[in-house]
C-alpha cells in the first residue's frame, strides 16, 4: 500500500512515522513544499520534538518512510492520501475571527484532482468543521477525470509531549466514512491499517459528519472543564474555599475524574480556543444562537 501525507507538521510527521513503524507492508511518504522542514525530517534534527520520535524516524526512514518536496509525484502514486495541513482561524471575509480557514484543505483537494493517478482514498487528518468532507468531495468530483474518490475523516487526538505514546497506545482511533458500499470498503481499509497495532475494540467507526464533529467536541469539552474550574476558583476566592481541595474532591468522583481540573489563567495551546471559536461559528451558521452563546462563555471564563 502506498500512502502519502500532505503536510509535514506536528500531526503529519509523527503519525506517518508510527504507521511506517507498525505497517511494514506500507510505503509511507510525507510531502511538504517547505524545503527546510523536509530537510529537517531527513536529518537528526527533527522539526518536531517528542520523546521517542527520533528513534522511530531513524529506524524507518529510507526503508518504508520517506520525506519529500515532490508533492504531485507522490500524490499521483499514492492509494491513500492523508491531508494534514493547517486550518487556522479566518482573518478576513465571512466568519473572520471565528470560522476555520480551509484554503489549504481546498488547495490539497484541487491538487489531488489535477494530478490524477487512479482511484484514491482521501483522509482528513486536519481538524475541520463538520461537513468539510462534502466540500472536498465536490472539488474532487468536479475535476472531470475518470477516477473515484472516497473521503474519510480520521481526526488526531494527540497531546504535546505524549504524541508517540498517544499514537502507539491510543484511547481510541476514530474513522468516519460515507454509508455506501464503497464508503464502507474505504473505511475498512483504513481500519485494517490501524488494526495492525491498535485493538479493534478501540477503533470507532462512524459516518463522516459524526467523526468531523467529534474532534471539535472533544477539544471543546476539555476546554470546558478548565473554564468550569476557573469559574469555581472565583467563587472559592469569595468564600475562602481552596480551589485545589475542591478540584481534588470532585475529581475523586469516578464520573468526573481528575484531569483538566487545574485552575489557571485559562487554556493555552494551539487548538482549544481556535476550535471553540469554530464550534461557536458553526452553531450560529446552523441557526443555534443559544448553543453558540454557551460556547462563547467557555472562552470568556
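Residue numbers (this note's numbering): 27 to 327.
C-beta: ideal position from N, C-alpha, C; glycine also.
With distance defined between alpha-carbon atoms, name the residue in 52, 275, 93 and 284 nearest to residue 72.
Here residue 72 is taken as the residue at index 46 of the chain shown, counted from 1. With distances taken between Cα atoms, residue 72 lies closest to 93.
Nearest-angstrom Cα distance between residue 110 and residue 265?
Here residue 110 is taken as the residue at index 84 of the chain shown, counted from 1. Here residue 265 is taken as the residue at index 239 of the chain shown, counted from 1. Using only the alpha carbons, I get a separation of about 47 Å.
Is residue 74 helix, strand or coil when you go by DSSP?
In the chain shown, residue 74 corresponds to position 48, counting from 1. Coil at residue 74, not helix or strand.
Tell me which same chain residues have a C-beta within less than 6 Å of the C-beta of residue 216, skipping the five on either side of it?
Here residue 216 is taken as the residue at index 190 of the chain shown, counted from 1. Around residue 216: 178 and 201.
Of the residues 44, 61, 107 and 65, which one's Cα is nearest the Cα of residue 76?
Here residue 76 is taken as the residue at index 50 of the chain shown, counted from 1. When each option's Cα is compared against that of residue 76, the closest is 44.
Is residue 281 helix, strand or coil by DSSP?
Start at 1 with the first residue of the chain shown, and residue 281 comes out as number 255. Note: residue 281 maps to coil in three-state DSSP.
Helix, strand or coil for residue 266, going by three-state DSSP, please let me know.
Here residue 266 refers to the residue found at position 240 when the chain shown is read from its first residue. Three-state DSSP puts residue 266 in coil, outside helix and strand.
Can you list, in chain order, the residues of its chain whose CB lies under 8 Å from that of residue 192, leaving out five sequence neighbours each side?
Translated into the one-based positions of the chain shown, residue 192 becomes position 166. Taken in chain order, the residues that qualify are 183, 184 and 185.
For residue 246, does the count of other Cβ atoms within 10 angstroms reach 16, so buried, or fall short, so exposed?
By 1-based counting over the chain shown, the position of residue 246 is 220. Buried, since its Cβ has 16 or more Cβ neighbours within 10 Å.
Using DSSP's beta-bridge definition, name the partner residues of residue 56.
Here residue 56 refers to the residue found at position 30 when the chain shown is read from its first residue. Residue 56 is bridged to 31 and 93.
Specify the secondary structure class of residue 146 as computed by DSSP and reduced to three states.
Walking along the chain shown from the start, residue 146 turns up at place 120. Three-state result, residue 146: strand.
On the three-state DSSP scale, how would you describe residue 179?
Numbered from 1 along the chain shown, position 153 holds the residue referred to as residue 179. DSSP places residue 179 in strand when its eight states are reduced to three.
Enumerate, from N- to C-terminal direction, the unbroken beta strand (DSSP E) stretches of 3 or more residues contained entirely within the region 183-218.
Fully enclosed beta strand (DSSP E) runs of 3 or longer: 199-203.
Assign residue 174 to one of two classes, buried (16 or more other C-beta atoms within 10 Å of its C-beta) or exposed (fewer than that).
Position 148 of the chain shown, counting from 1, holds the residue named residue 174. Classification of residue 174: exposed, given that the 10 Å Cβ count is below 16.
In this structure, how does DSSP classify residue 243 when only helix, strand and coil are distinguished?
Looking up residue 243 in the chain shown gives position 217. Here residue 243 sits in helix by DSSP.
Among the candidates 249, 299 and 301, whose CA atom is the shortest distance from the CA of residue 285?
Position 259 of the chain shown holds residue 285. Of 249, 299 and 301, the residue nearest in Cα terms is 249.
What are the boundary residues of the alpha helix (DSSP H) that residue 312 is part of?
Against the chain shown, residue 312 aligns to sequence position 286. Neither: residue 312 is in no alpha helix (DSSP H) and is coded neither H nor E.
Unbroken beta strand (DSSP E) runs of length 3 or more, entirely within the region 94-136: which are they?
The region 94-136 contains these whole beta strand (DSSP E) runs: 106-109.
From residue 306 to residue 123, what distance separates their C-alpha atoms?
The residue given as residue 306 occupies position 280 in the chain shown. The residue given as residue 123 occupies position 97 in the chain shown. Straight-line Cα distance between these residues: approximately 11 Å.
Kindly indicate the opening and closing residues of the beta strand (DSSP E) around residue 167.
Position 141 of the chain shown, counted from the start, is the residue given in the question as residue 167. Where residue 167 is concerned, there is no enclosing beta strand (DSSP E), although the alpha helix (DSSP H) it sits in stretches over 158-167.
Between which residues of its own chain and residue 282 is the CB-CB distance below 7 Å, once the five residues before and five after are set aside?
For the purposes of this step, residue 282 is taken as residue 256 along the chain shown, with counting starting at 1. For residue 282, where only same-chain residues beyond five positions count, the Cβ hits under 7 Å are 276.
Which of the three DSSP states, helix, strand or coil, is assigned to residue 171?
Residue numbering aside, residue 171 sits at position 145 when the chain shown is read from its first letter. If DSSP states are grouped into helix, strand and coil, residue 171 belongs with coil.
Grab the span of the alpha helix (DSSP H) containing residue 41 for me, first residue to last.
Numbered from its first residue, the chain shown carries residue 41 at position 15. Start and end: 38-48.
Which class does residue 233 belong to by DSSP, given the choice of helix, strand or coil?
As a position in the chain shown, residue 233 is number 207, starting the count at 1. Residue 233 falls in the strand class under three-state DSSP.
Could you tell me how far apart the beta carbons of residue 55 and residue 100 are, in whole angstroms, since I believe they sit closer than 8 Å?
Counted from its first residue, the chain shown places residue 55 at position 29. Counted from its first residue, the chain shown places residue 100 at position 74. With a Cβ gap of about 5 Å, residue 55 and residue 100 count as contacting.
Cβ of residue 256 within 8 Å of Cβ of residue 327?
For the purposes of this step, residue 256 is taken as residue 230 along the chain shown, with counting starting at 1. For the purposes of this step, residue 327 is taken as residue 301 along the chain shown, with counting starting at 1. In contact: residue 256 and residue 327 (Cβ atoms closer than 8 Å).
Okay, do the region 62-69 and the region 114-133 touch, 3+ Cβ pairs below 8 Å being the bar?
Segments in contact, no.
Compare the Cα-Cα distances from residue 253 to each of 321, 67, 31 and 208 and report the closest residue.
As a first step, residue 253 is located in the chain shown; it is residue number 227 there, counting from the start. With distances taken between Cα atoms, residue 253 lies closest to 321.
Alpha carbons only, please: which of 259, 297, 316 and 312 is nearest the one belonging to residue 288?
Start at 1 with the first residue of the chain shown, and residue 288 comes out as number 262. Comparing Cα-Cα distances from residue 288 to each of 259, 297, 316 and 312, the minimum goes to 259.
Could you round the C-beta distance between residue 53 and residue 29 to whole angstroms and report it? I think they count as a contact, below 8 Å.
Residue 53 sits at position 27 when you count from the first residue of the chain shown. Residue 29 sits at position 3 when you count from the first residue of the chain shown. Their Cβ separation, rounded to whole angstroms, is 7 Å, which keeps residue 53 and residue 29 in contact under 8 Å.
Per DSSP, which residues does residue 87 bridge with? Please list them.
Stepping through the chain shown from its first residue, residue 87 is reached at position 61. DSSP, once it has assigned bridges, lists 91 as partnering residue 87.
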